[in-house]
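Here the structure comes first, spelled out in structure tokens, and everything after it is commentary.
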Amino acid sequence: MGAPVATPPSASPPGRNPAPSGKAAVEGSATWRLSDRIGLAICWALGLLFCAIAIAIVVYLLIQGIKYLRPSMLVTPASAGFAQSETGGFSDALVGTLIVAVMGISMALPIGIAIAVWLVEYGRPAGLARITESTIEAIAGIPSIVLALFGTVIFSSTALGFLSRASGGVVFGRSFFAASAMLSLVALPLVVASTREGLQSIPRHVREASYAVGKTKAATTRRILIPASRPQIATGAMLGLGRIIGDTAIIVVLLGATQNFAPVEGASFPFDYLRGAGTTLTNFVYEASPTGNLNQPQKAYAAAFVLLLMVLALNAAVDAVHRRARKVGAWSS
Amino acid sequence: MELLTPPPPIRRLPLEDAPAARQAPPLSTDAGGDVPSLKHPYGPLSDGTSRGQGGFTGARRSISAPQFSIRRMEIDDVSVSYANREAVKSVSLPVRQGEVLSMIGPSGCGKTTLLRSLNRLTELTSTATLRGRILLDDVDIALIEPTLLRRRVTMVFQQPNPFPMSVFDNIAYVLREQGSRRQRKKTLEPRVHSALDRAGLFEEVKDNLDHPALKLSGGQQQRLCIARALAAEPEVLLLDEPCSALDPQSTQVIEDLIVKLRDDVAVVIVTHNLQQAYRIADHVAFMYLGELVEYNSATALFGSPREQRTQEYVSGAFG
Chain L
72 MGAPVATPPS ASPPGRNPAP SGKAAVEGSA TWRLSDRIGL AICWALGLLF
122 CAIAIAIVVY LLIQGIKYLR PSMLVTPASA GFAQSETGGF SDALVGTLIV
172 AVMGISMALP IGIAIAVWLV EYGRPAGLAR ITESTIEAIA GIPSIVLALF
222 GTVIFSSTAL GFLSRASGGV VFGRSFFAAS AMLSLVALPL VVASTREGLQ
272 SIPRHVREAS YAVGKTKAAT TRRILIPASR PQIATGAMLG LGRIIGDTAI
322 IVVLLGATQN FAPVEGASFP FDYLRGAGTT LTNFVYEASP TGNLNQPQKA
372 YAAAFVLLLM VLALNAAVDA VHRRARKVGA WSS
Chain S
233 MELLTPPPPI RRLPLEDAPA ARQAPPLSTD AGGDVPSLKH PYGPLSDGTS
283 RGQGGFTGAR RSISAPQFSI RRMEIDDVSV SYANREAVKS VSLPVRQGEV
333 LSMIGPSGCG KTTLLRSLNR LTELTSTATL RGRILLDDVD IALIEPTLLR
383 RRVTMVFQQP NPFPMSVFDN IAYVLREQGS RRQRKKTLEP RVHSALDRAG
433 LFEEVKDNLD HPALKLSGGQ QQRLCIARAL AAEPEVLLLD EPCSALDPQS
483 TQVIEDLIVK LRDDVAVVIV THNLQQAYRI ADHVAFMYLG ELVEYNSATA
533 LFGSPREQRT QEYVSGAFG
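Going line by line, the protein sequences match chains L and S.
Everything in the first sequence is counted per my numbering, starting at 72 for the first residue and increasing by one.
Everything in the second sequence is counted per my numbering, starting at 233 for the first residue and increasing by one.
Here's what the structure looks like:
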């Protein structure tokens, strides 16, 4: 054979196969470029920093909350007084938060689902769909104080006097109805976005499988598509609820931000309360903080702790929904 | 030359046999009918012929000759185009109950489009237009209301796609009126059970009818989809590559099922697995670039194709 007998073809270049060190060979960042290693270090540092901030907030409020929260605060309404021992609790604010949460989300959920279904499943004419999409995005971007200001214009109109207190031709325009309606706009974009995400994650052949056994588009949407996107809808609802119970601006402007319920005289229950002014936990925290009128920071901490617990509970609920969704399974593509 | 370590394995092509590979080797004569069901879905290799030579040799027919055949559908000079592209060009075919019709051809040859036009699913694509006529029991399907037509001509898809509900509800959904929940579980039970039974799934799931359908195995999911399609009591069952996402065992179970079903419904199956078409089809339609190149009985089409392109495709020269 004339071919030069060089290195046999199977021999590797030196360094390709270092002598086995006994440990399992894994890719380590030791071989990376310096800039990549710095980048990784920054990622780690920032991740740990934000964990630390979140833990600090929760732990601090937990300590303060446990220190100042008395069970009686949850059941006694606020009252006038000179010392913190005389000013009662924040039961009206707690109930107010629950009311706006329930009313706000019960408006945002059906409207949001309907918009998302229309956008994903119909979306014609395409121009209208595009406009709807950008409108939703615009609402998501509007600061809630601007929404609140706009709400005063709407709900102070004479035609909507039945939704709030009206006396002598003047409409007060501040009520649970007004605040909840505007708060539902805060939650709406979140519900639309996550419902759309849910619908879009359903493969096309699943829809076709329903059509292929003779089902109409309406029946498919109602019985297959919406139930299949239930986890995402629930997630959107939870996120929306979080935004509603966390909003302050709309409460201050459109709920009157009183310390107690101010039911409308002469109206029948529950409309007397819903048409009247009120308050929520966020507003109570603001008022009780050193900047507010009440200046009773211990109660601000107690109320903030309750608020935090509600938000954490919502987060836990989102996680639970996702865990359940995984248990049900998904399509292969 | 002496090597220190063995070289990586090389797929050796039988170059010396290359001219022979252009010809489809003759099929063994016993393939016609009474072969018992296969133990291995790709057929035994020990029958003297090797699969590597490009011919159509490994598979065995797993079905016997049809007992009867009734013409249910008639595809009459049908062309389907998407926007400007013609996907199906003037195809005419009969679809018969008592037989399995298989459509084969390379990807993009229009076989799935043709299948989907049989229950007017092509209409869901806004750019699709259909020319020609398709008759179901001598009635033009364009005159049948789509939801009614799709209950008479049901379809099973490539990906198993049970609905995200219980096994029972998957079938019950088909049986109920549009979107209604009116009928009670008790009244639907016999029909649900019989649909599952016809799809050969009842014994496996009878204790778990309340379990989520998406937790079944892939093969069970696909049989559930077949059960769902059968629950509507269709006259024609369309299957679009029903086994392409499944493992060999599940594939064989479903193939046996398809053969069993042919007496109750007309079965049309699209596949690009030639062995599968040969194993289960009575008639085969070979499509290429939107045209129907050849339509014949499976033994004839695979054994002695009339057309040059059929022979090349069947022998593995392209595709």
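Ideal Cβ positions, reconstructed from N, Cα and C, are used throughout, including at glycine.
Pick helix, strand or coil for residue i, following the three-state DSSP scheme.
i: Gln135 (chain L); result: helix
i: Pro444 (chain S); result: strand
i: Pro326 (chain S); result: strand
i: Val241 (chain L); result: strand
i: Gly342 (chain S); result: coil
i: Asp343 (chain L); result: helix
i: Val424 (chain S); result: helix
i: Leu471 (chain S); result: strand
i: His276 (chain L); result: helix
i: Ala154 (chain L); result: coil
i: Gly364 (chain S); result: strand
i: Ser143 (chain L); result: helix
i: Ile376 (chain S); result: coil
i: Glu331 (chain S); result: coil
i: Met253 (chain L); result: helix
i: Ser482 (chain S); result: helix
i: Arg303 (chain S); result: strand
i: Lys286 (chain L); result: coil
i: Ala185 (chain L); result: helix
i: Glu539 (chain S); result: coil
i: Val166 (chain L); result: helix
i: Asp369 (chain S); result: coil
i: Glu204 (chain L); result: helix
i: Ile295 (chain S); result: coil
From residue i to residue j, what does the alpha carbon distance come to, in whole angstroms?
i: Ala125 (chain L); j: Leu119 (chain L); result: 10 Å
i: Thr281 (chain S); j: Ser334 (chain S); result: Residue placement at Thr281 (chain S) cannot be trusted, given a pLDDT of 38 that sits under 50; the coordinates are not used to answer.
i: Phe299 (chain S); j: Ile501 (chain S); result: Note on identity: in this sequence residue 299 (chain S) is Gln, with Phe being the wrong assignment. When rounded, the distance between both Cα atoms is 19 Å.
i: Pro378 (chain S); j: Glu526 (chain S); result: 30 Å
i: Phe121 (chain L); j: Leu326 (chain L); result: 34 Å
i: Leu380 (chain S); j: Arg460 (chain S); result: 16 Å
i: Leu259 (chain S); j: Tyr510 (chain S); result: Residue confidence is low: Leu259 (chain S) scores 44 on pLDDT, short of 50, so the model does not pin down where it sits. No coordinate-derived value is stated.
i: Ala463 (chain S); j: Leu133 (chain L); result: 58 Å
i: Leu270 (chain L); j: Leu446 (chain S); result: 17 Å
i: Phe518 (chain S); j: Val389 (chain L); result: 52 Å
i: Leu362 (chain S); j: Thr292 (chain L); result: 27 Å
i: Gly548 (chain S); j: Thr542 (chain S); result: 10 Å
i: Pro396 (chain S); j: Val388 (chain S); result: 16 Å
i: Leu254 (chain L); j: Leu345 (chain L); result: 15 Å
i: Gln330 (chain L); j: Val130 (chain L); result: 28 Å
i: Ala396 (chain L); j: Ile273 (chain L); result: 13 Å
i: Tyr314 (chain S); j: Ser251 (chain L); result: 49 Å
i: Val173 (chain L); j: Ser100 (chain L); result: 51 Å
i: Leu524 (chain S); j: Ala283 (chain L); result: 25 Å
i: Glu544 (chain S); j: Phe550 (chain S); result: 7 Å
i: Gly535 (chain S); j: Val516 (chain S); result: 12 Å
i: Gln540 (chain S); j: Gln507 (chain S); result: 19 Å
How would you write the range of the alpha helix (DSSP H) that residue i sits in, first residue to last?
i: Asn331 (chain L); result: Premise fails: Asn331 (chain L) is in no alpha helix (DSSP H) and is neither H nor E.
i: Val191 (chain L); result: Premise fails: Val191 (chain L) is in no alpha helix (DSSP H) and is neither H nor E.
i: Ala532 (chain S); result: 530 to 535
i: Met381 (chain L); result: 368 to 399
i: Met309 (chain L); result: 301 to 317
i: Val217 (chain L); result: 215 to 226
i: Ala509 (chain S); result: 506 to 512
Where do the N-terminal and C-terminal ends of the beta strand (DSSP E) with residue i fall, by residue?
i: Met387 (chain S); result: 385 to 388
i: Val516 (chain S); result: 515 to 520
i: Ile501 (chain S); result: 498 to 502
Review point. Pairing CB atoms from the segment 352 to 363 of chain S with CB atoms from the segment 334 to 341 of chain S, are three or more of them under 8 Å?
Key: No contact exists between the segment 352 to 363 of chain S and the segment 334 to 341 of chain S.
Check your understanding: With contact counted as at least three CB pairs below 8 Å, one residue from each stretch, are the segment 304 to 317 of chain L and the segment 228 to 245 of chain L in contact?
Key -> No: fewer than three Cβ pairs fall under 8 Å.
Review point. Would the segment 258 to 266 of chain L and the segment 294 to 310 of chain L be scored as touching if the rule is three or more Cβ pairs under 8 Å?
Key: yes
**Study point:** Touch test, the segment 425 to 444 of chain S against the segment 468 to 480 of chain S, Cβ-Cβ under 8 Å, three pairs minimum
**Key:** no
Practice item. With 9 Å as the C-beta to C-beta threshold (strictly closer), list the residues of the segment 380 to 399 of chain S near chain L in chain order. Key: Leu380, Leu381, Arg382, Arg383, Arg384, Val385, Thr386, Met387, Val388, Phe389, Gln390, Gln391, Pro392, Asn393, Pro394, Phe395, Pro396, Met397
Check your understanding: Looking at chain S, which residues of the segment 258 to 279 of chain L have a Cβ within less than 8 Å of any of its Cβ atoms?
Key -> Pro274, His276, Val277, Glu279
**Study point:** Members of the segment 285 to 305 of chain L that neighbour chain S once the beta carbon cut-off is set at 9 Å
**Key:** For chain S, the residues of the segment 285 to 305 of chain L that bring a beta carbon within less than 9 Å of one of its beta carbons are Gly285, Lys286, Thr287, Ala289, Ala290, Thr291, Thr292, Arg293, Arg294, Ile295, Pro298, Ala299, Arg301, in chain order.
Review point. At a cut of 8 Å, does the segment 362 to 370 of chain L reach the segment 153 to 162 of chain L through at least three beta carbon pairs?
Key: yes
Practice item. Give a yes or no on contact between the segment 382 to 401 of chain L and the segment 190 to 200 of chain L, applying the rule of three or more CB pairs nearer than 8 Å. Key: no
Exercise for review: Output, in sequence order along the chain, the residues in the segment 342 to 374 of chain S whose CB is closer than 8 Å to any CB in chain L.
Suggested key: Asn351, Leu353, Leu356
Review point. Any chance the segment 475 to 493 of chain S sits against the segment 449 to 456 of chain S, with 3 or more Cβ pairs inside 8 Å?
Key: yes
Practice item. Compile a chain-ordered list of the residues in the segment 345 to 373 of chain L whose CB is closer than 9 Å to at least one CB of chain S. Key: none
Point to revise | the segment 186 to 217 of chain L: positions lying closer than 7 Å to chain S by Cβ | key: none
**Study point:** the segment 125 to 142 of chain L: positions lying closer than 8 Å to chain S by Cβ
**Key:** none
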